[in-house]
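This report concerns only the one structure given below.
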Amino acid sequence: RMRYLTHYDELTGLANRSLFRERLREAHQRVRQGGRSLALLHINLDRFKLLNDSLGHEVADQLLQKMARRLINALPEADTIARLSG
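Counting in UniProt numbering, the sequence shown runs from 1 upward without gaps.
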């Protein structure tokens, strides 16, 4: 369990900041060596604290979990989806 938590966010199951940085370094290295391309998408949930404060942490946590599942289902398994803060 500890090994899992060193690389994955406990709430969403997404890669954490540490694993994201590792995968980004690896991808950047592949781009430099093979001339491949790299895409990065950053999603920021504005005013998420307001949601936490008004509806409660449980509802906000459920929203994060649902968003994580949708992203996982929408993107290829080889892509890295990470939760960088929160």
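C-beta: ideal position from N, C-alpha, C; glycine also.
From a predicted model like this one, the values you see are computed outputs, not experimental measurements.
- The shortest CA-to-CA distance from residue 83 to any of 30, 67 and 38 is the one to 67.
- Per DSSP, residue 85 is not a residue of any alpha helix (DSSP H), being assigned neither H nor E.
- As DSSP reads the structure, residue 8 sits in a beta bridge with 15.
- Within its own chain, no residue has a Cβ closer than 7 Å to the Cβ of residue 41 once the five positions on either side in sequence are excluded.
- Exclusion of the five residues before and after residue 31 leaves 38 as the residues of its chain whose Cβ lies within less than 6 Å of its Cβ.
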